[in-house]
Structures are given as C-alpha cells and as structure tokens.
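So the protein sequences, as listed, match chains V, S and E.
With our numbering as the guide, the letters of the first sequence map in order to residues 22 to 324.
With our numbering as the guide, the letters of the second sequence map in order to residues 77 to 423.
With our numbering as the guide, the letters of the third sequence map in order to residues 984 to 1301.
C-beta atoms are modelled at their ideal positions from N, C-alpha and C, and glycine is treated no differently.
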Amino acid sequence: MSLENVATAPGAKESALAAEAEATARGAWLRAFARNPLALAGLVVVVALLLFSFIGPLFYHTDQIHTRLALETLPPGSGHPLGTDDVGYDELGRLMVGGQTTLEVAFGAAAVAVVLGVVWGATAGYFGGLLDGLMMRIVDALLAIPALLLLLFLATVFRPSVLMLIIVVGVTAWLVPARLIRAEALSLRSREYVLAAKTMGVRAPTIIFRHIITNSIGTILVNATFQVADAILVVAALSFLGLGVAPPATNWGAMLSDGLNYTYSGFWWLTYPPGIAIVLTVLAFNLVGDGLRDAFGLDTRRR
Amino acid sequence: MSAQATQRRDEPPPATAPVLKVTGLDVDIKLPHSVVRAVQDVSLEVWPGETVSIVGESGCGKSTLGLALAGLLPPEAVTRGSISLGGRELVGLGERQLRAVRGAEVGIVFQDPMTSLNPTKRIGAQVGEALRLQRGASKAAALRAAADMLDRVGLPRPREQLDRFPHELSGGMRQRVVIASALICEPRLLVADEPTTALDVTTQAQILELFDGLSDELGMATLLVTHDMGVVAGHADRVFVMYAGREAETGTTETIFETPRHQYTGALLGSILRMETPRKSRLGTIPGRPPDLTAAEAGCPFAPRCAAASGECTSQLPDASEEDGHRWSCYHPLATTETKRIPEAQQ
Amino acid sequence: MTRFLLRRCSQAVVVLLLVSVIVFGLLHLLPGGPARAILGTHATPTNIAAFNKQNGLDSPVPVQYWHWLTGVLSGNLGFSYVQNQSVASLLAQRLPKTAFLAGVSVLLAVLIALPVGFYQAVRRNRAGDYVLTTVTLVLYSTPAFWVAILLIDLLAVRLHAVPAEAPQGSFSALISDPQALVLPVLTITLVTVAAFSRYIRSSVLDELAQDYVRMARSKGAGHRVILFGHVLRNAMGPIVTLLGLSLPFIVSGTLITEYVFNYPGIGLLTFNAATSQDYPVMLGVVVVVGAATVIGSLLADVTHAILDPRVRTSAGIA
C-alpha cells in the first residue's frame, strides 16, 4: 500500500483553483470532458439508448397496443428477436416503448427538480439571513421524510400517468439541487460583479438569474445528470411496487418487475433486457455526471 | 534519547564541506500526455550556516528543485544526476530510505501555514511528530522538545500552545509552528518554499529574522525558494537565479544585485521598485510569458523574451562563464557599466 | 461548544416543527378531507359530520393543528380504521424490527465500505481501484429489488443456503432465526455499501491531497502513520455527517427489501397502508421517521463537532 500516487506536484493547489476558473470559461469544460474516455463512453451509451427508444420504432414496427395471448411468452426466435412477453407483445418493441416512457419521465422529473431546486436555492443563498434560514429549514424538513414514503403517499392520491410521475418524482428530488445551489449562491453573492450590479440598482431576480445561476451552471449540469440517473431508479422502484403507469404504456422498471414474476419459469428474456437497459442507462448517466464534475473541477463529494 | 534541541552553539562550525552538493540534476515529471522538464542540469552547493536563495518566476522549476532536495517528489518524477546531502546520495534512494532522511536530515516549510497543519491534531503533537518518527522519542519527551522548540521560534507561552488547535492561532504564529515542526530534529538543511508569501509584511519580516537567527544558532543551511527579490536582498548570502528549469546565474547576493550578468537577472532586478526609482516612471516588466517546459527547444530558454537576443542565442545553449564564484550562462552578459544604470532603465 | 450545541438544537426544533406542519398539511390535502379519506368512499354525509365533530375537524385549522400536535407529543398518532389499532401500537410492534434490520445492515455496510473506500483512494487509478469502482458503480446502478431477487435466486433457490422469506411474528422470533435474516440484510448492505464507498473514496482522496499530508510526509511519515494518524480523523467528520443524512435513503431501501422478503417492519406496514389507503398509518410513520432523521442528523453533527474542532467554532452555517 503506497501513498506516493497522490498529487504532490508543486503549486498543485494554485493550479487547481486556476483550472476551475478556466474550466467554467466557455468551452474549456467541453474539451476536458472530451478527453475523459469513461465520460465519453457514458455519453455514447446515452445517445445510443435515446436513439434506440425514439428512433428505433420507426424502423422496427411492432404492435404495442393490442395483446395477443396466443403469442405469449415466446422465447427469442424468428420474428421476435427478444421473444414476447406474457400478453403477446414483442419484447424488443416493448423495450423501445418502455425506453421512451422511462427516459421521458426521467428527463422530465430531472428538469422539474433542477428548476425548482435552483430557484429555491439561489434565492435562499442570495438573500441570506432569516429568509435563507427559513427556506433551508423547510428543505431540511422535507429531506427528513424518506422520498419513497412521500412518493407512496402522493402516488395513492393522484392518478397514475406520465405527467403525474414526472411531477411527483421531481417534487421529491428538488431538495439536493436546492442545497447545492444555495452553497454556490452564498459564495457568489460577495463577488465584485454581484456587488457592482447591486449598487447599480439591478433588481434581485435579475441578479439571481444573470449572475448567480449562470455562474453555477457547472454544478447545475452535474446535478441534473445525476438527477436523471436517480429518477430512473425511483420510477423503477415505484413500478415494482405497483404505482407506475397503466398498460399498454410501460417503462423499463415495470417490464423488469413484471418479468420477475416469471423468474422461476426461466423466461430470462423478460427480465434481463429491461434490467440491463436500466443498469446501462443509470451507469452511463453516472459516468457522464462524474465526467462533467471532473471537467468543471468541482468537489468530488458533491452530486 | 531525549532531544538535545536546547543546545546553543556560540559560533558556526568550521565550513569544511558543503552540506548540500547538487550536480547535474535533471527532474522530469511525467504527465498523461507529455513530459515536463522541470529541472535541467542544475548544480549548486550550500555550506553550513549559509542561506542560499533560489529565485525565479512562477513555473521556473524552483519549487520542484526544493521538493527534490527534500525527497518529496511524486512518483511520476524521474530524477537524474546527484543530490548529496551531508555526504549521502539521495538520487536513487527508495521510499523507505528517503523516509529516514526526511525530517531528520532535511526539513521543509511550505508556503501556506493554514493548510500545512492538520486541523484536527493539537499543536504539540504535530511539532513533536518528526521526533517520534525519526528518533523514536516517547510522547512526553516529544512534547517537552516541542515546547522548547516553540519557545525558540518565538511563540509566546509555548507550553499553553501545545494543547491548542491550528485554527486558534494567527497566520504568523502558525508559520512559526510549521517551522518548529520542521526543525525539531535539527536537520542540516532547511528548505523553505515561499515561506512568507502568504503572510502580511510585518509578519514576513519577523519570520525571516527568525530564519536568520536559527541559521546562526543551529549552524543550519537554509535554501530559500522565493520570487521576491526584496526577501533575497535582505536575507540571502548567495543567490541562484533559475529560468525554465535551468541555472541562469549564481553568485553572492551583493554580486548579483550590483553586477548582474545574465540578461534575465538584469530584467528581474529592473522590475523591482526601489527607493531610488523616480516617481512617474513606468514599471519595468519582462515581455512575453515563461516557456512551456514540455517542449524541448534548442538554445537559451530566455531568448524569446530577451532584448539582446541574437542568432546564436536561439541555436545553442551558452556555456557557463565563471569569475570568482560568480557564474552565468549568457551570450550577451550585461557590462558592468550597464548594470549601474538599472534603476534609470525603468523610465 | 455550547453555543454550537444551542444553535444546532434550536435548528433541529424548527425543522421538527416544520415536519409536523408538513405532515398535518398532507393529512388535510387529501381529496374530500381527512374524514372521507379515513372513512372511505362509502361514508355518508351524516357519518362524515359525526366524524368531524368527534375528531374536532370542524374547528379552525390552527386549533386542529394544536390538538394534533399535542396529541402526537403525548403519543397519540391517530387510529387506523383499516387495521383497527392505534397507529402508535402498530408502530411499536413494527419499529424495533425495522430498526434491527436497518441497524445491522448499515453497521455492516459501514464496516465494509470504510476499508473499501480507503483502499480505493490509496490505490487510486490502479487495478484494484478500477475493479472496485466498477463493481460499486454497477451495484449502485442496479435497482434494489432486482438485487434482492437475484440474491434470492442464487442463495435460496439454487444453493438452498438460506430461506427466501423473512420470519414472521414477534421480535424475539425474528432474532432467533438468523438464517432467514441473511438475505434481507445482505440486500440492504450491498446497496448501501455501493453508495457509501464512493463517498468515502472521494473523502479520503480529498484529504490525501491536502498540504498537511505533504507536511507529514516531509517529516518522514509512512503510509500507515498518514492514514491512521492524520487522514482517518479528518475524513471521519464528513462520513459521520453522511451517515446522519442517510437515514431517509436507508428507510426507502428498507421498504423495498421488506416488501420483497415479506419482512414485518414499518416499510411493509407503510406499503400496505398505502395500498389500503390507511392514511393515519402512513402519516404516523412519516412523523416518526422524520423525527428520527432530524434527531439522527443532530447527533451526527454533534459527533462531527467532537471530531473536528473547527466545526465547533465556525460561524453559523445554516
């Protein structure tokens, strides 16, 4: 076990600070990201899955609306590369349709969470004082409630649909970006250009948007990426518990949990394709998120 | 085997052999896509009790040199040449052997006292640490020696400070603690890498005076790495000017300041503000930027920014000329008459 | 230290109050009001009116809140009409079981994640780190329920090493059948280790890059001294805070696990309550878990302050 493989190059700290500032400058982070093989691999996988889910059905036509029980649970073979599921849907086509819903909900929920969280956090951090204290205590209180419990509650109250899922998942996920952006806002609000803007009489919302948020774009992007990854897992869990969307709509989590009912019948094509799709996608987004975080030179503990 | 740190020496020991003798030192640092030639063909000597200052711009390799002397280079560094410390060769030593040298034979003080100390460990433990590691001293003995050393570095009420944490002290006091912890084993050589850059001017002066005092008291050789010529003028016996990893010029402080030879040294001195500088004159600067140390170029590295550069400067590295211990490598050394005009050259 | 304690405690009290407000708000957000939600869709207006009167639901909202809050503080968490028991007694039965499951799993997870994270940081970018990072990343990206079922398939079905379902009955019955606890504990531990070791790796890496490590090396310290004498203490602070904040995440993970293994804890209780629209139980659980998290994170912060003297004297970090 040796410790010499640690950066002890002279001026490492100074160059790290300079690197961060430089990275946020237009384009530099893109170049740094492009030099990271793992991050690029993740990006490629994400794009591939997006194409698969949304463009795939244009080339590979299957009927995903009408069930055909005569064709149920066929193993992969002629006409059905991945077999059929328990009501006769072609599994490969189902994977594409499921992917659409999964990715739509994940991106939507991430968007809701990030927008809500960023606005809340930036406002709290910028104004500071009592408002900040109150806003952040609310965040603490919501964080103290396990997301799944809250989701269970909301899911039983509202009718299941893609939009409902997006809102519900987003509403339980905005707390982390709120905290992150608040920390950014706290440090940014004493920068000279912010003070200058204040002195010039620029109104608070403008300052918050034009200065605080735009200069936290690195943190925001990184967190948004991880939000998508987390949302996919959350929706999968909800689907497993029976609170997802209703058929004929489906998502990978629902496909996986339905398929798990047949584990002992040996119908592996019902579980592994959606399961691997989930793991690949979540993994890919995590790699991209890690890559972005390194490219922006951010604290490695922040998500 | 208690620490004998309290022994005062009344006169410097006879200067028979240099404490440090560096010959033809090359340090390359391997990066993922390139190699940085941080130090190229550096040779210097430091005698006991003397303070040698290594000066140059940021990125000239002076910090790497300091780290090499303290045996603290990262594993990506490839070292060639010779570093002889008290007769012992450091280049080629394994990690385990280097550990015995660090702290015991050579101490190092870094720039930022805020971060050089572990925030969760008490001062006494940190100061005495080297003694426990190198000499196997007991906790109690180490604490006693620590209190003594803290007293010598001028920390008020040393015994009370032992139990405190770093964040409870001011910057200047913290740097004194760092110095104490570096010197507790009474090493022959102290490498100080920009030790006062992070401190305010008054504290700076106090710390530098402390170095002078300790140097006399312990007969210790000091290597002061800095970019601040004012510090050099006031506290160094000899100066080693570095540029792009190479030696540009070296000599006694007086010689360097009064009769610099290398164009770079002249430019460096010309950029300092002095009392004699007439008001309303322009500040002297050196045009251009320091060279990229990953690219190997022929000729003198300073040529692109040198006012006196000519054809031969860019094609071949100049040989070193020497005169009475004053050494420089320049095809167009400054004439003695030129150098006296340096304060006016800023107009 | 006392100032810090006072500040943190008062913050915790505010957060607890806010949790109670949120829960109370959720109770009243239900369509048709709490009466209809609790009595069900077949309730007649007369029933509802009687219910409202009986439970003080016809008083102004702040008064209701006060009654509810004082009730909660004295142990009255409501009544479950679905299970025909008081919420408090239901929780009292199930809470120890979940606490046991979560406690053992998290302890194991920490005991594994600490050395793994340290190892990854020290062996950064070498073979050992890559392998472990890949494994933890893949584990982290896998839905917990799939992990659970894969484990069942492997250990219970194919190898017949352990039973697939958790023991039912009382707490003592549970503990006396350790074999049946293996799979639930293993599931939660694996999922938690994946998350923790990434964080610990980052934490240790950050510490190793600090100047004081370089300073210690310059005194001749070897890797053991640096890791155990310097880095450990500094890295533990953030890790303890992480633990304190992880409780909600752990509860969520426990819920899925209890569902898969039919483990009679509060996770399964909540799920059943959700599907049977037993709102008093759901909200009772939220109150208890919320309070536990706030107190847990308070304890974690205090421990962090003990470990890191800077925290005690730092200015208010809200």
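Chain-ordered neighbours of residue i on chain E, where CB pairs are closer than 7 Å
i: Ile184 of chain S; result: Ser1201
i: Asn282 of chain V; result: Within chain E, no residue comes near Asn282 of chain V; the closest Cβ sits about 10 Å away, beyond 7 Å.
Opposing strand residues paired with residue i [DSSP bridges]
i: Ser129 of chain S; result: S:Leu300 and S:Val315
i: Phe1062 of chain E; result: E:Ser1069
i: Thr328 of chain S; result: S:Arg314
i: Ala153 of chain S; result: S:Ile105
i: Ala268 of chain S; result: S:Val185 and S:Leu300
i: His402 of chain S; result: S:Glu399
i: Ser1201 of chain E; result: In the DSSP output, where bridge partners are listed per residue, Ser1201 of chain E has none listed.
i: Ser1155 of chain E; result: According to DSSP, which records beta bridges pairwise, Ser1155 of chain E is partnered with nothing at all.
i: Arg337 of chain S; result: None, per the DSSP bridge assignment.
i: Arg164 of chain S; result: S:Leu161
i: Glu213 of chain V; result: None, per the DSSP bridge assignment.
i: Asp111 of chain V; result: V:Thr105
i: Lys97 of chain S; result: S:Glu121 and S:Ser160
Residues that residue i contacts on chain E, provided the C-beta gap is smaller than 9 Å
i: Thr61 of chain S; result: Absent from the model: residue 61 of chain S. The displayed extent of chain S is 77 to 423, so no value can be given.
i: Gly247 of chain S; result: None at all; the shortest Cβ gap to chain E is about 14 Å.
i: Arg314 of chain S; result: Those do not exist, as Arg314 of chain S stays about 24 Å from chain E at its closest Cβ, beyond 9 Å.
i: Glu236 of chain S; result: Under the 9 Å cutoff, chain E gives no residues; its nearest Cβ is about 16 Å from Glu236 of chain S.
i: Leu152 of chain V; result: Correct list: empty, because the minimum Cβ distance to chain E is about 11 Å.
i: Val300 of chain V; result: Val1121, Ser1124, Thr1125, Pro1126 and Trp1129
Beta carbon proximity, residue i to chain V, threshold 8 Å
i: Met1219 of chain E; result: no
i: Pro1146 of chain E; result: no
i: Gln994 of chain E; result: yes
i: Trp1051 of chain E; result: no
i: Tyr1242 of chain E; result: yes
i: Val998 of chain E; result: yes
Proximal residues of chain E, C-beta to C-beta of residue i below 8 Å
i: Asp188 of chain S; result: Asp1194
i: Pro97 of chain V; result: In chain order: nothing, as chain E lies at least about 20 Å away.
8 Å Cβ cut-off: residues of chain V touching residue i
i: Ala1139 of chain E; result: Within chain V, no residue comes near Ala1139 of chain E; the closest Cβ sits about 11 Å away, beyond 8 Å.
Exposed unless 16 or more other CB atoms sit within 10 angstroms - verdict on residue i
i: Leu1094 of chain E; result: exposed
i: Leu359 of chain S; result: exposed
i: Lys1036 of chain E; result: exposed
i: Tyr214 of chain V; result: exposed
i: Glu352 of chain S; result: exposed
i: Asp239 of chain S; result: exposed
i: Gly100 of chain V; result: exposed
i: Cys992 of chain E; result: exposed
i: Pro1028 of chain E; result: exposed
Rounded straight-line distance, which links the Cα of residue j to that of residue i
i: Thr92 of chain S; j: Ala1096 of chain E; result: 57 Å
i: Ala199 of chain V; j: Leu163 of chain V; result: 12 Å
i: Ala275 of chain V; j: Ala1075 of chain E; result: 34 Å
i: Val1223 of chain E; j: Pro150 of chain S; result: 31 Å
i: Leu171 of chain V; j: Ala165 of chain V; result: 11 Å
i: Asp1189 of chain E; j: Tyr1048 of chain E; result: 47 Å
i: Ser208 of chain V; j: Ala257 of chain V; result: 37 Å
i: Ile1249 of chain E; j: Val998 of chain E; result: 23 Å
i: Glu171 of chain S; j: Val1196 of chain E; result: 16 Å
i: Ser135 of chain S; j: Pro366 of chain S; result: The sequence shown places Gly at residue 135 of chain S, not Ser. Using only the alpha carbons, I get a separation of about 7 Å.
i: Val167 of chain S; j: Val139 of chain V; result: 54 Å
Residue-level contact to chain S via CB, residue i, 8 Å cutoff
i: His935 of chain E; result: This structure cannot settle anything about residue 935 of chain E, because the visible part of chain E is limited to 984 through 1301.
Neighbouring residues, chain S, relative to residue i (Cβ below 9 Å)
i: Leu1290 of chain E; result: Thr196
Interface partners of residue i on chain S, CB under 7 Å
i: Arg1293 of chain E; result: Pro195 and His243
i: Arg1109 of chain E; result: Here the premise fails: no neighbours, minimum Cβ distance about 11 Å.
i: Arg1216 of chain E; result: Thr196
is_contact[residue i, chain E] using C-beta, thresh 8 Å
i: Asn244 of chain V; result: no
i: Ala180 of chain S; result: yes
i: Leu209 of chain V; result: no
i: Arg175 of chain S; result: yes
i: Phe174 of chain V; result: yes
i: Arg158 of chain V; result: yes
Contacts of residue i in chain V (Cβ-Cβ under 9 Å)
i: Ile1239 of chain E; result: Leu169, Ala258, Phe261 and Leu262
Proximal chain V residues relative to residue i, where beta-carbon distance stays under 7 Å
i: Ser1235 of chain E; result: Pro167, Ala168 and Leu169
The ligand MN heavy atom lying under 7 Å from the CB of residue i
i: Pro263 of chain S; result: The ligand MN is not part of this structure, which contains no ligands at all.
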